[in-house]
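Colleague: This is the structure I have questions about; it appears just below.
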Amino acid sequence: MDVTEATFQSAVIERSRTVPVVVDFWAEWCGPCRQLGPVLEKAVAARQGAVELAKLDVDANPALSSTYGIQSIPAVKAFKDGEVAAEFIGAQPPAAVEQFLDSLAPSRVDELVAAGDEASLREAVALEPSRADAAVPLAKLLLSHGDADGALALVREVPGSFAADGLAARIALAGRPEPDLSAAFAALDAGDTGRAIDLLLGALPSSDGARDDIRRVVVGILDELGPASDVARESRRRLASALY
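Residue numbers for the sequence shown, in the working numbering: 926 to 1169.
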């Protein structure tokens, strides 16, 4: 799609609020532009509407070239939500163009994780077994169905995730007669995170053999709450006090 100063607002700025729009700033006399153009067109077409491509002739549209600081071409700028979200200058190889476009549109796994139902999460894990935001929620679903072994197998495939490690620790604790943390886990499953943390922290002083597993469960919960959570900030302080 060719755009001009007259159509840029609607075809690029407004359209980018719905789908990412990649603008190829080019000129007829520019050899590298003619090399890059087909690469961009092929890569965008392969995404079947997930990204759109607009071409702008800098010679015919000098005001826009000035607005976006175009000093060398080809220059490629990607617009999302009306703003420049990513850009590069010069003719790039196909692999670099593919990577650039991949950064703009959600991947198949991103879409499946966002859907969040069991079938979608299973497909996401099949595509990326080590992806925590797919494996952990699916493991929780399996655990709620009584499939602790299946849940544990999933989280073991996720390295470097506090949430996955915490869920593995929870499964280990549930298999022990002492301490009895059923009330804490019931509160956690009911969404009463504050009470769950209170009960877990309260169990620490009398749980010598299970202290590390309880710590891992609490750390996993705090990781999922995120750094902005008031509950997480206060609970980190309480956890440190209980341990040290």
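Just so it is clear, CB atoms sit at the ideal spot from N, CA and C, and this is done for glycine as well. Quantities reported herein were computed from a predicted structural model and do not represent experimental measurements.
Ignore the nearest five residues each way along the sequence and tell me which others in residue 1109's own chain have a CB closer than 6 angstroms to its CB.
Modeller: 1121, 1124 and 1125
Colleague: Quick check: what's the CA-CA separation for residue 1089 versus residue 1138?
Modeller: When rounded, the separation of the alpha-carbon atoms in residue 1089 and residue 1138 is 12 angstroms.
Colleague: Out of 930, 1159 and 972, state which residue places its alpha-carbon closest to the alpha-carbon of residue 992.
Modeller: 930
Colleague: Assuming residue 1054 and residue 1082 form a contact by the criterion Cβ under 8 angstroms, report the distance between their Cβ atoms to the nearest whole angstrom.
Modeller: By a beta-carbon distance limit of 8 angstroms, residue 1054 contacts residue 1082. Their separation comes to about 5 angstroms.
Colleague: Does residue 1003 get closer than 8 angstroms to chain B when you measure Cβ to Cβ?
Modeller: Looking at the structure shown, chain B is missing, and only one protein chain is on hand.
Colleague: By Cβ distance, which residues of its chain are closer than 7 angstroms to residue 1080, with the 5 residues on each side in sequence left out?
Modeller: Here the set comprises 1060, 1061, 1064, 1089, 1092 and 1093.
Colleague: With distances taken from CA atoms, which of 942, 1166 and 958 is nearest residue 1018?
Modeller: 958
Colleague: Measuring straight from C-alpha to C-alpha, what distance separates residue 1103 and residue 1142?
Modeller: 16 angstroms
Colleague: Check each candidate in 1008, 1099 and 1100 and name the one with the smallest Cα separation from residue 942.
Modeller: 1008
Colleague: Once DSSP output is grouped into helix, strand and coil, what is the label at residue 1174?
Modeller: Coverage of the chain is limited to positions 926 through 1169, which leaves residue 1174 absent and any answer about it impossible.
Colleague: Flag this pair as yes or no: are the beta carbons of residue 951 and residue 927 separated by less than 8 angstroms?
Modeller: no
Colleague: Whole angstroms is fine: what's the gap from residue 1157's alpha carbon to residue 1042's?
Modeller: 27 angstroms
Colleague: Within 10 Å of its beta-carbon, does residue 1069 have 16 or more other beta-carbons around it, so buried, or fewer, so exposed?
Modeller: Counting the other Cβ atoms within 10 Å of the Cβ of residue 1069 gives fewer than 16, which makes it exposed.
Colleague: On the premise that residue 1087 lies in contact with residue 1155, defined as a C-beta separation below 8 angstroms, what is that separation, rounded to the nearest angstrom?
Modeller: About 19 angstroms separates the two Cβ atoms, so there is no contact after all.
Colleague: Using 8 angstroms for Cβ pairs, my map puts residue 1016 next to residue 961. What's the rounded Cβ distance?
Modeller: 4 angstroms
Colleague: Decide yes or no for the touch test of the region 999-1013 against the region 1021-1035: beta carbon pairs closer than 8 angstroms, at least 3 of them.
Modeller: A contact exists between the region 999-1013 and the region 1021-1035.
Colleague: Taking only runs of the alpha helix (DSSP H) that begin and end inside the region 998-1058, which ones reach a length of at least 4 residues, in chain order?
Modeller: 1019-1027, 1033-1040 and 1043-1052
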